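Participant:
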Amino acid sequence: MKTDDLVTLLATGDIAIQAHTTAKRFSLALGLGVGVAFLMMLGLLGLRPDFPEAIKFPMFWVKLGYAASLAAAALLALVRLSHPGSRLKNAPLGMALPILLMWLLALYTLVDADSAQRQELLFGATWGNCPLLITMLSAPIFLATLWAVRGLAPTHLTQAGAAVGLLSGALGAVVYSLHCPEMGAPFIGTWYLLGMLIPTLIGAALGRTLLRW
Amino acid sequence: MTNTSRLDEIENRLRAGLLRGLAGDSVAYRAFLKELSTHLRSYFRKRLASLPDEVEDLVQESLIAMHNQRHTYDAKQPLTAWIHAIAKYKLVDLMRRRARHDLLHEPLDDEMEFAVPSDDEASDARRDVAELLGQLPERQRLPIVHTKLEGLSVAETAKLTGMSESAVKVGVHRGLKALAALIGGKK
Chain A
-3 MKTDDLVTLL ATGDIAIQAH TTAKRFSLAL GLGVGVAFLM MLGLLGLRPD FPEAIKFPMF
57 WVKLGYAASL AAAALLALVR LSHPGSRLKN APLGMALPIL LMWLLALYTL VDADSAQRQE
117 LLFGATWGNC PLLITMLSAP IFLATLWAVR GLAPTHLTQA GAAVGLLSGA LGAVVYSLHC
177 PEMGAPFIGT WYLLGMLIPT LIGAALGRTL LRW
Chain B
66 MTNTSRLDEI ENRLRAGLLR GLAGDSVAYR AFLKELSTHL RSYFRKRLAS LPDEVEDLVQ
126 ESLIAMHNQR HTYDAKQPLT AWIHAIAKYK LVDLMRRRAR HDLLHEPLDD EMEFAVPSDD
186 EASDARRDVA ELLGQLPERQ RLPIVHTKLE GLSVAETAKL TGMSESAVKV GVHRGLKALA
246 ALIGGKK
């Protein structure tokens, strides 16, 4: 085929595009993914029994804000990674900051606590389930986000895959925090982080295969 | 003229062409694609000196890729950065594909190639469009033939084929994607 013929073929017909394609795609994917994750949480795990009281504690909101701010930073990174030629700029800092702040809070809590309490603060009662349940809740968000990014143009596939994983892991953690009774900063800084890192690693490992275009 | 201002001029001209194309101006878009193909050819020719047969295929594959993903260009960013990122991605993708393929099928020998045509001379890729289109399924082939070769509107194509308008649009998009894969010999 002559390239000039291909150029003519591509330029013929209705070539205009609609505005805000990226925003629409991500809103649809995240709305659907988080919706399914929320229903999974309600159906399989249930809201924490003390939910009406729990929302009065600052730590409930710190936990939610921690996961939500990581999700926001991951979304920013992912949007940039899906647009060729865009730079990540301060997105990595946005991901590091909530983690560091939570670790500082965890350190302060541990130093402040009696030695007998420390183990309880780190392991809580549910450390064995937490990372895997967050990973499970992130699955529908992971698939939906993958669909959104496949319609865009990522050029660094491993990084984009990792960002898909972190975004879905962090939103999975937001949903999980409505079920999870744990309130200790050391617990959140460890097991929530691990729960978000599992989908991140899966995304990084599969990015090259799943996002190729 | 300094090198910087020449690059600025290219950036501005390409960008104006693409933005008018994105708003629906077919003539401006065609001129944009034509100039883009020249830049792509010179970019790939420099980097594929040992594989001259691959250059035109990769130019066409990249043109289709950029056309299909043209909605990912953010008007606030420099267009040349967008083009360069996709061209590099397609180049690396070809290298990976070949590395895998060569390991399986080809002995490691160097072939000498001399006759290198100039950059703005559009040569033929190795596969014919009619033959490639023939390999696509109906729901992709018909929308491309009617809207892109015969110049019918989406609505007319929908009426003619009995497909819905959105199915026609999806068919064009997926068909072009499949065409790029066939040009690259991925299937």
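Protein sequences appear in the order of chains A and B. Read left to right, the first sequence gives residues -3 to 209 (this note's numbering). Read left to right, the second sequence gives residues 66 to 252 (this note's numbering). Glycine residues also receive a C-beta, built at the ideal position from the N, C-alpha and C atoms. All values reported here derive from a predicted model rather than from experimental measurement.
Report yes if the CB atom of Tyr94/B is closer than 7 Å to the CB atom of Ala12/A, and no otherwise.
Facilitator: no
Participant: Check whether the segment 159 to 168 of chain B touches the segment 140 to 149 of chain B, counting contact only when three or more Cβ pairs, one atom from each stretch, lie closer than 8 Å.
Facilitator: Result no; under three Cβ-Cβ pairs closer than 8 Å.
Participant: Use the C-beta contact count for Gln125/B: other C-beta atoms within 10 angstroms, 16 or more gives buried, fewer gives exposed.
Facilitator: buried
Participant: Within the continuous alpha helix (DSSP H) that includes Thr51/A, where are the two ends?
Facilitator: It should be noted that the sequence gives Ile, not Thr, for residue 51/A. Premise fails: Ile51/A is in no alpha helix (DSSP H) and is neither H nor E.
Participant: Applying the criterion that 16 or more other CB atoms from any shown protein chain within 10 Å of the CB defines a buried residue, is Val233/B buried or exposed?
Facilitator: buried
Participant: Between which residues of its own chain and Phe56/A is the CB-CB distance below 6 Å, once the five residues before and five after are set aside?
Facilitator: Ala50
Participant: What does a CB cutoff of less than 6 Å around Asn86/B pick up in its chain, not counting 5 residues either side in sequence?
Facilitator: Inspection of the sequence shows that residue 86/B is occupied by Gly rather than by Asn. Ala93, Tyr94, Phe97.
Participant: Could you name the residues of the same chain whose beta carbon sits closer than 8 Å to that of Gly82/B, not counting the 5 residues immediately before and after it, in chain order?
Facilitator: Ala93, Tyr94, Ala96, Phe97, Glu100
Participant: According to the Cβ coordinates, are Trp187/A and Trp99/A closer than 7 Å?
Facilitator: no
Participant: Please confirm whether Pro182/A and Leu117/A have their CB atoms less than 7 Å apart.
Facilitator: yes
Participant: Provide the residue span of the alpha helix (DSSP H) that contains Asn77/B, from first to last.
Facilitator: 68 to 87
Participant: Quick one: is Tyr154/B near chain A, going by C-beta distance under 7 Å?
Facilitator: yes
Participant: Who are the neighbours of Met98/A on chain B, taking C-beta pairs under 9 Å?
Facilitator: Taking the beta carbon of Met98/A as reference, no residue of chain B falls within 9 Å; the closest one sits roughly 32 Å away.
Participant: Quick one, are the C-beta atoms of Leu60/A and Ser173/A less than 7 Å apart?
Facilitator: yes
Participant: Using 8 Å as the Cβ pair cut-off and three pairs as the minimum, do the segment 16 to 34 of chain A and the segment 134 to 141 of chain A touch?
Facilitator: yes
Participant: Keeping to the same chain, check which residues put their C-beta closer than 7 Å to that of Gly203/A; ignore five residues upstream and five downstream.
Facilitator: Leu153, Thr154, Ala156, Gly157, Ala158
Participant: I'd like the list of long-range same chain contacts for Trp143/A, defined as Cβ closer than 7 Å, with 5 residues on each side in sequence excluded.
Facilitator: Around Trp143/A: Ala25.
Participant: If you draw a straight line from the alpha carbon of Leu207/A to that of Gly250/B, how long is it in whole angstroms?
Facilitator: 19 Å
Participant: Identify the continuous alpha helix (DSSP H) that holds Met91/A and give its terminal residues.
Facilitator: Where Met91/A is concerned, the enclosing alpha helix (DSSP H) stretches over 87 to 108.
Participant: Span of the alpha helix (DSSP H) holding Trp209/A?
Facilitator: Per DSSP, Trp209/A belongs to no alpha helix (DSSP H) and is neither H nor E.
Participant: How long is the line joining the alpha carbons of Gly227/B and Gly236/B, rounded to whole angstroms?
Facilitator: 13 Å
Participant: Quick test of your reading: Leu123/B and Lys153/B, contact by CB under 8 Å. State the CB separation rounded to the nearest angstrom.
Facilitator: Their Cβ separation, rounded to whole angstroms, is 11 Å, which puts Leu123/B and Lys153/B out of contact at 8 Å.
Participant: Name the residue from His175/A, Ser78/A, Leu40/A whose alpha carbon lies nearest to the alpha carbon of Phe22/A.
Facilitator: Ser78/A
Participant: Thinking C-alpha only, which one of Ser82/A, Leu106/A, Ser65/A is nearest Ala92/A?
Facilitator: Ser65/A
Participant: By the 10 Å Cβ neighbour count, where 16 or more other Cβ atoms means buried, how is Ala200/A classified, buried or exposed?
Facilitator: buried
Participant: Note down the Cα distance separating His211/B from Leu201/B, rounded to an integer number of angstroms.
Facilitator: 14 Å
Participant: Cβ of Thr151/A within 7 Å of Cβ of Ala246/B?
Facilitator: no
Participant: So, using beta-carbon positions, are Thr137/B and Ala73/A closer together than 7 Å?
Facilitator: Not a contact, by the Cβ cut-off of 7 Å.
Participant: Under a CB-based cut-off of 7 Å, is Ala273/A close to chain B?
Facilitator: One cannot answer for residue 273/A here, as it falls past the ends of chain A, which runs -3 to 209.
Participant: Give me the Cα-Cα distance between Pro80/A and Arg146/A, rounded to the nearest whole angstrom.
Facilitator: 13 Å
Participant: Using the C-alpha atoms, what's the distance from Gly180/A back to Arg83/A?
Facilitator: 36 Å
Participant: Going along the chain, which residues of the segment 128 to 152 of chain A sit with their C-beta nearer than 7 Å to a C-beta in chain B?
Facilitator: Leu148, Ala149, Thr151
Participant: Which ranges would you report for the alpha helix (DSSP H) in the segment 199 to 238 of chain B if only whole runs of at least 4 residues count?
Facilitator: Those alpha helix (DSSP H) runs which fall completely within the segment 199 to 238 of chain B and span 4+ residues are 203 to 209, 219 to 226.
Participant: By the three-class DSSP mapping on this structure, what secondary structure does Lys141/B have?
Facilitator: coil
Participant: If we ignore side chains and look at the alpha-carbon of each, how far apart do Val223/B and Leu41/A end up?
Facilitator: Here residue 223/B turns out to be Ala, not Val, going by the sequence shown. If you take the alpha carbons of Ala223/B and Leu41/A, they lie about 48 Å apart.
Participant: Below 7 Å on C-beta distance, what does Tyr94/B contact in chain A?
Facilitator: Ala7, Ile11
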